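Enquirer: Numbering (my numbering), first residue to last: 15 to 189.
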C-alpha cells in the first residue's frame, strides 16, 4: 500500500511539474515540425488540430486562429496559412540542430527561444547566415503552460497578429 501511495505521489509531482513547464507545448510543436520535414516525412498532426487547439494554445490564440480559419488560404483547405508557420515557408530541409530554451517568466509570460537549421540542403549560404529563430510566448492557463503567440524574425513578427489581420481582411472583403 505504501508503495502504491509513493507511485501515485510521484506521478502527481511529475504531472504538476510538467504542467508548468513552458517548454512542453513548444517541444510538442517542434517535434511535429521535425517529423513533417524529415527526409522521409512521417504522417503527423497539424500544428493547429482541434486537439492541440484545446490543449496547448491559449484561449486568446485559439480565438484568433478560429476567426482567421473562417478565411482559408485555399478553397479546399481549412487553414488560414499558405505556408508552414514554423519553418516560415513552403520549402525546407530537414530540421537539424534544434535547440529549445525556456527563458525566465516575466510579466506572466515565458519566452521560449527555438533555433534550428532548416536551410542546410539549399547549397552555399551567405557569410552572415544564422539559424532560424522563433520565440514562443508561453503563459499559464488552467494550471498548464500554453502557447499564446509565436514571434518570427523580421517583418513577419507575431503569428497572433497575422491571424487577426487575416480575420480582419477576410471579414471586410466582399464575397
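Glycine is no exception: its CB is placed at the ideal position from the N, C-alpha and C atoms. Quantities reported herein were computed from a predicted structural model and do not represent experimental measurements.
Just list the residues that DSSP pairs residue 110 with in beta bridges.
Expert: The residue labelled residue 110 in the question sits at position 96 within the chain shown. 131.
Enquirer: Compare the C-alpha of residue 183 against each of 154, 86, 141 and 144 and name the closest.
Expert: Sequence index remark: in the chain shown, residue 183 carries index 169 (1-based). The shortest C-alpha separation from residue 183 is found at 86.
Enquirer: Write down the C-beta distance between residue 58 and residue 46 rounded to the nearest angstrom, noting that I regard them as a contact closer than 8 Å.
Expert: Taking the first residue of the chain shown as position 1, residue 58 is located at position 44. Taking the first residue of the chain shown as position 1, residue 46 is located at position 32. Correct: roughly 5 Å between the Cβ atoms.
Enquirer: Just tell me which of 105, 117, 152 and 124 has its CA closest to the CA of residue 131.
Expert: Start at 1 with the first residue of the chain shown, and residue 131 comes out as number 117. The shortest C-alpha separation from residue 131 is found at 105.
Enquirer: Of all the options 137, 139 and 173, which has the alpha carbon lying nearest to the alpha carbon of residue 149?
Expert: Start at 1 with the first residue of the chain shown, and residue 149 comes out as number 135. Residue 173 is the option with its Cα nearest to residue 149.
Enquirer: By Cβ distance below 8 Å, which residues in the same chain neighbour residue 93 in space, the five residues on each side in sequence not counted?
Expert: Counting from 1 along the chain shown, the entry for residue 93 is found at position 79. Here the set comprises 60, 62, 83, 86 and 87.
Enquirer: Of all the options 38, 100, 91 and 74, which has the alpha carbon lying nearest to the alpha carbon of residue 164?
Expert: Here residue 164 is taken as the residue at index 150 of the chain shown, counted from 1. Comparing Cα-Cα distances from residue 164 to each of 38, 100, 91 and 74, the minimum goes to 100.
Enquirer: Would residue 72 and residue 160 be called neighbours here (beta carbons separated by less than 7 Å)?
Expert: To locate residue 72, count along the chain shown from 1; it is residue 58. To locate residue 160, count along the chain shown from 1; it is residue 146. The answer is yes: Cβ separation under 7 Å.
Enquirer: One question on the structure: do residue 108 and residue 117 come within less than 7 Å of each other, judged by their Cβ atoms?
Expert: Position 94 of the chain shown, counted from the first residue, corresponds to residue 108. Position 103 of the chain shown, counted from the first residue, corresponds to residue 117. Cβ atoms of residue 108 and residue 117: not closer than 7 Å.
Enquirer: Give every residue of the same chain whose Cβ lies closer than 6 Å to the Cβ of residue 78, excluding the five residues on either side of it in the sequence, and list them in chain order.
Expert: For the purposes of this step, residue 78 is taken as the residue at position 64 of the chain shown. Same-chain partners within the cutoff: 174, 177 and 178.
Enquirer: Compute the Euclidean distance between the alpha carbons of residue 16 and residue 68, then round it to the nearest angstrom.
Expert: In the chain shown, the residue the question calls residue 16 occupies position 2. In the chain shown, the residue the question calls residue 68 occupies position 54. Low local confidence applies: a pLDDT of 45 at residue 16 is under 50, so the model's placement there is unreliable, with the coordinate-based value given in what follows. Roughly 36 Å separates the two Cα atoms.
Enquirer: If I measure Cβ to Cβ from residue 221 and keep anything under 6 Å in the same chain, skipping five residues before and after, which residues do I get?
Expert: Nothing about residue 221 can be reported from this structure: the residues present for the chain run from 15 to 189 only.
Enquirer: Please report the straight-line C-alpha distance between residue 40 and residue 119, rounded to a whole angstrom.
Expert: Reading the chain shown from its first residue, position 26 is the one you call residue 40. Reading the chain shown from its first residue, position 105 is the one you call residue 119. Spanning the two alpha carbons is a distance of roughly 15 Å.
Enquirer: Since residue 161 is in the beta strand (DSSP E), which residue starts that stretch and which ends it?
Expert: For the purposes of this step, residue 161 is taken as residue 147 along the chain shown, with counting starting at 1. Here the beta strand (DSSP E) through residue 161 covers 158-166.
Enquirer: Leaving out the 5 sequence neighbours to the left and right, which residues in its chain are closer than 6 Å to residue 135 when beta-carbon positions are compared?
Expert: The sequence position of residue 135 within the chain shown is 121, counting from 1. Result list for residue 135: 107, in chain order.
Enquirer: Check residue 43 in the structure and name its three-state DSSP category.
Expert: On the chain shown, residue 43 is found 29 positions in, with the first residue counted as 1. Correct three-state label for residue 43: helix.
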